[in-house]
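Asker:
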Amino acid sequence: MAEQTTLDSLLEMGFDRNRAEKAVAHTGNQGIERAMDWLMEHEGDPDIDEPYVPPVGNVLGGSDPQLPSPAAQPTAEGADPATDGGDQMIHDGDTKQPMTEEEKREQIKRLEELMRVKQEERRERERAEEVDREKQRRRQGQELLQVKQKLQEDEMKKMVDLRRREKNDDKMAKQRVRDKIARDREERALKFGGGSSSRAVTSPSAEGPPSSPPSQGPPPAKKDYNECRIQVRMLDGSALTSVFKAQEPLAAVRVYIQMNGDAPEGQDFTLLSPYPRRVYTELDMEKPLQELGLVPSAVLVVAKK
């Protein structure tokens, strides 16, 4: 009768019969509190409302499998409680004492209060778990943000280092060009210095003493131009204009185009003069603009290789 008492109590509290029978069976008939705990824990199961099928030889509410469940027997109005199987009984040996209506109400009230307490505890536990999950999500979000920032910083450092190496390479290339220009000047001075002096001596002069030897440097007209204005026509028709030193190599103009033009990265190109037409080679890239005849101004055209 203990199972039937728990089952009836759950039914009077408003639980569905299928759920109540499953709670009593799965808790091993260990009391109404255990049954309510099971119901609250499994109320979201997909098969919670399916009919409960007891194992063979075990009928809920009785020890004899051939006897029908007392909860299933109809109770006639005015029947004797001592013989009515649907009423809740308290067993003490062979003595049967039915529970009064007041006792039933008190028991149901106590059980409902207990159920509210357990539901509140469950809600508090779920809220605490939700807070923990939110904290974990925020912590994971912060860690992910830190990882992204670290990756961005590393990428920026790589770009800065790459740009620094490129600048150093350009600087070294320009220095090699300058050194080569200086050596060429020294070679020309040694090669043509004597002949220039002799021509200066034998040439007639009507203005007094002869001037200083021409081996001191290039003609004075060229010394007046220390800068060169270059206009570059790009492949798409746009133009770039910049001022360079007269002694800078043509390679400096190409580097300027690579850094400021809109040509695709890695695309190789060459430079040419439209009039008179001249295509500049790799050897020309190391020559100064003044030596190439691009001083004081010139127009260059970018062409694909």
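Residue numbers (the numbering used here): 1360 to 1664.
C-beta: ideal position from N, C-alpha, C; glycine also.
What do you get for I1589, buried or exposed, if any count of 16 or more other CB atoms within 10 angstroms of its CB means buried?
Answerer: So I1589 counts as buried.
Asker: Alpha carbon to alpha carbon, how far is K1494 from A1487?
Answerer: C-alpha separation (whole angstroms): 11 Å.
Asker: Across which residues does DSSP place F1603 in a beta bridge pair?
Answerer: According to DSSP, F1603 bridges with C1587.
Asker: Below 7 Å CB to CB, which residues in the same chain sit around R1719 once its five sequence neighbours on both sides are set aside?
Answerer: This structure gives no information on residue 1719, because the portion of the chain shown stretches from 1360 to 1664.
Asker: Rounded to whole angstroms, what's the CA-CA distance from L1541 to P1608? Just pull it up for me.
Answerer: Note that residue 1541 is Ala in the sequence shown, not Leu. Whole-angstrom Cα-Cα distance: 12 Å.
Asker: Answer yes or no: do A1382 and L1370 have a C-beta to C-beta separation smaller than 8 Å?
Answerer: Their beta carbons are not under 8 Å apart, which means A1382 does not touch L1370 by this criterion.
Asker: Determine the DSSP secondary structure at L1503, reduced to helix, strand or coil.
Answerer: Three-state result, L1503: helix.
Asker: Run through DSSP, which three-state label would L1631 get?
Answerer: L1631 falls in the strand class under three-state DSSP.
Asker: Please name the residue or residues paired with L1659 in a DSSP beta bridge.
Answerer: Answer is V1591, bridged to L1659.
Asker: In terms of residues, what are the limits of the beta strand (DSSP E) holding V1332?
Answerer: Only positions 1360 to 1664 of the chain appear in the structure, and residue 1332 is not among them; the question remains open.
Asker: Using a threshold of 8 Å, state whether the C-beta atoms of V1660 and R1613 are closer than that.
Answerer: No.
Asker: Name the two residues that bound the continuous alpha helix (DSSP H) containing V1614.
Answerer: 1609-1619 is the extent of the alpha helix (DSSP H) around V1614.
Asker: Distance, Cα to Cα, S1656 vs K1517?
Answerer: So the alpha carbons of these two residues sit roughly 38 Å apart.
Asker: Classify P1405 as buried or exposed, calling it buried when 16 or more other Cβ atoms lie within 10 Å of its own Cβ.
Answerer: Exposed.
Asker: Determine whether the beta carbon atoms of M1372 and I1467 lie at a separation below 8 Å.
Answerer: Yes.
Asker: From E1545 to Y1615, what does the alpha carbon distance come to, in whole angstroms?
Answerer: Cα-Cα distance, rounded: 29 Å.
Asker: Could you say which of S1597, L1503, R1537, L1594 lies nearest to L1648 if we only look at CA atoms?
Answerer: The candidate whose alpha carbon is nearest that of L1648 is R1537.
Asker: In the DSSP assignment, find the alpha helix (DSSP H) that holds V1642 and state where it starts and stops.
Answerer: Inspection of the sequence shows that residue 1642 is occupied by Leu rather than by Val. Residues 1641-1644.
Asker: Pull up the distance between the alpha-carbon of D1643 and that of D1595, whole angstroms please.
Answerer: Approximately 25 Å, taken between the alpha carbons.
Asker: Quick check on the DSSP output: the alpha helix (DSSP H) that includes V1372 runs from which residue to which?
Answerer: Looking at the sequence itself, residue 1372 is Met, so the reference to Val does not match. Per DSSP, M1372 belongs to no alpha helix (DSSP H) and is neither H nor E.
Asker: Out of curiosity, what's the CA-to-CA distance linking E1462 and V1490?
Answerer: Computed Cα separation, rounded: 42 Å.
Asker: Using the Cα positions of Q1626 and R1492, report the straight-line distance between them to the nearest angstrom.
Answerer: Going from the Cα of Q1626 to the Cα of R1492 covers about 52 Å.
Asker: Return the CA-CA distance between L1521 and K1539, expressed in angstroms with no decimal places.
Answerer: L1521 and K1539: Cα-Cα distance of roughly 27 Å.
Asker: Give the single residue among K1664, L1366, P1413, E1479 whose Cα lies nearest to the Cα of A1700.
Answerer: Only positions 1360 to 1664 of the chain appear in this structure, which leaves residue 1700 out of reach.
Asker: Roughly how many angstroms separate the alpha carbons of R1475 and I1391, rounded to a whole number?
Answerer: The alpha-carbon atoms of R1475 and I1391 are separated by roughly 14 Å.
Asker: Under 8 Å by Cβ, that's how I've got V1658 and Y1584 pegged, so tell me the actual separation to the nearest angstrom.
Answerer: With 8 Å as the limit, V1658 and Y1584 do not qualify as a contact, their Cβ atoms being about 16 Å apart.
Asker: Could you please give me the residues that DSSP links to P1410 through a beta bridge?
Answerer: For P1410, which the question treats as bridged, DSSP gives no partner whatsoever.
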